[in-house]
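87 is the number of the first residue of the sequence shown in this note's numbering; add one for each residue after it. A virtual CB, placed ideally from N, CA and C, is assigned to each residue, including glycine. Treat the numbers as computed from the prediction; the structure is a model and nothing was measured. Data block below; observations after.
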Amino acid sequence: MIQILKDLHHLITGAVAAMAMMAVAPSALAICLPVASNPAGPIRLAGFTTIAAPADGSLRLTFLGHSTFLIESPEDVAAVTDYNGYIRPERVPDIATMNNAHSTHYTDSPDPGIGHVLRGWAEGSGMAIHDVTVRDMRVRNVPTNLRDMGGTRMNGNSIFVFEAGGLCVAHLGHLHHTLTDQHLAELGVIDVLLVPVDGAYTMAQDYMVEVIDQIRPPVVIPMHYFGASTLNGFLQRMDKRYEVRMADSATVTLSRQNLPYQQILVLPGG
């Protein structure tokens, strides 16, 4: 009973904070509230439906395969995650994000029509810092470390956060470690989390589950897995945390109306 009361208090506190922020913020962009100012936990105010096209206050997300998604805003701004030379959308995006752990996550020859190419790493010992707004979509990054043959490459990966249609979507990239309090504060409260669940090239599935527990998003979308057995292993580990919904379409429209509490949404095409 005590835990239930705590959870209810957390939900109410977060909702009040979100409404206060939205009252003074432009309606086109989402508000990813900093975790540091919202210790109560995630705000359960976002949602997804299967509406055909994004309307005001929603966005459309299409799983293109591996770890590449097309994210489209109400004003038709398009962003593609882990843009590479193998999987590309039919349209040229306004924004492309990349990480360079493997060639399936980046390309040295992006389409010249892309307005903003955001690389999740910096050359040498630097740190990539991005914060780009195109009409009603904002994209920013949170640098994390990368494991490679030479050891740890500091700030070699980026978690990219997409704010559009009143939602905050985070793509973990090629994440190789659990998150610090600083990472969580920079991320803010996330509505939809795109998670690599391969269990090997990124990190063990148990550690990825720990990352999900750290972020506590209402919706988790698995990516970066190799066959049904890998996906099923992840779903089994999440069995008592989230319910599972197997979608019929690789495209889903997300809105801030009625997000189910703790749901894994599996999109075909992985």
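DSSP places residue 341 in the strand class (E or B) of the three-state scheme. Less than 8 angstroms separates the beta-carbon of residue 206 from that of residue 246.
Leaving aside the five residues that flank residue 268 on each side, none in its chain has a CB nearer than 8 angstroms to its CB. At least 8 angstroms separates the beta-carbon of residue 346 from that of residue 251. Per the Cβ contact rule, the stretch 195-203 is in contact with the stretch 175-182 (3 or more Cβ pairs under 8 angstroms).
Per DSSP, reduced to three states, the secondary structure at residue 234 is strand.
Straight-line measurement puts the Cα of residue 265 at about 22 angstroms from the Cα of residue 154.
By the neighbour-count definition (other C-beta atoms within 10 Å, threshold 16), residue 176 is an exposed residue.
For residue 224, the three-state secondary structure derived from DSSP is strand. Taking the Cα of residue 330 as reference, the smallest distance to any Cα among 337, 348, 314 and 315 is reached at 348. For residue 243, the secondary structure class from DSSP, reduced to helix, strand or coil, is strand. The closest CA to that of residue 351, considering only 224, 291, 303 and 219, is found on 303.
The stretch 271-278 makes no contact with the stretch 308-318: fewer than 3 CB pairs, one atom from each, lie closer than 8 angstroms. Counting other Cβ atoms within 10 Å of its Cβ, residue 171 stays below 16 and is therefore classed as exposed.
With contacts defined by Cβ atoms closer than 8 angstroms, residue 262 and residue 289 form a contacting pair.
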